[in-house]
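Novice:
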Amino acid sequence: MRNCIFCDIVAGRTPAVKIMETHRTLAFLDIAPVHYGHTLIIPKAHHQNLLDLPDELWLEMGQASRRVAGALMKALYARGFNIGMNNFDAAGQVVYHAHLHVIPRYLSDGLHFFPQGDYQPGDMEKVGQQLRQALE
């Protein structure tokens, strides 16, 4: 795809510190890491987001993420990890090429990802019904 930094990395036009590669995926270090070792897993073919990914490619990205997560724990002594994906503007997607973040975590790192709230009385069932209908 034209003007896609991740496609440029796959094509070798833009440098990246590559961690691992499969036939259809590439893992490389994020240039703006949450912690050292923060890795991005991308499909080599251009797909904009999760909804655009074929199921088998999504599975392959998940398998690559699991391997990278194990390496982060072994090599960088991470005590855990987060795997995340931002899809569309409202979720913070900046590069419109599907990618997973694999972020090493440490007990004292102070990171908090999501505030938690409560449903108003009766709203949980309403939302559940709306989602079940959308899945039909």
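Heads up, the sequence shown is in our numbering, so the first residue is 1 and it goes up one at a time. C-beta: ideal position from N, C-alpha, C; glycine also.
(1) Looking at C-beta atoms only, is the number of pairs between the stretch 90–101 and the stretch 11–24 that lie closer than 8 angstroms three or more?
(2) My guess is that residue 78 and residue 72 are in contact by the Cβ rule of under 8 angstroms, so how many angstroms apart are they, rounded?
(3) Would you report the Cα separation of residue 93 and residue 54, rounded to the nearest angstrom?
(4) I'd like to check one pair, residue 103 with residue 86: are the Cβ atoms closer than 9 angstroms?
(5) Does residue 14 pass the burial test, meaning 16 or more other C-beta atoms within 10 Å, or should it be called exposed?
(6) Who are the near neighbours of residue 4 in its chain, counting only those whose CB is closer than 8 angstroms to its CB and skipping five residues on each side?
Specialist: So, from the data block:
(1) Using a Cβ-Cβ distance cut-off of 8 angstroms, the stretch 90–101 and the stretch 11–24 are not in contact, since fewer than three pairs of beta carbons, one from each stretch, lie closer than that value.
(2) Between residue 78 and residue 72, the beta carbon gap of about 5 angstroms places them in contact (Cβ cut-off 8 angstroms).
(3) Going by the C-alpha atoms only, they are around 19 angstroms apart.
(4) Contact: no.
(5) Here residue 14 is exposed, its C-beta having fewer than 16 other C-beta atoms within 10 Å.
(6) Taken in chain order, the residues that qualify are 46, 95, 96 and 97.
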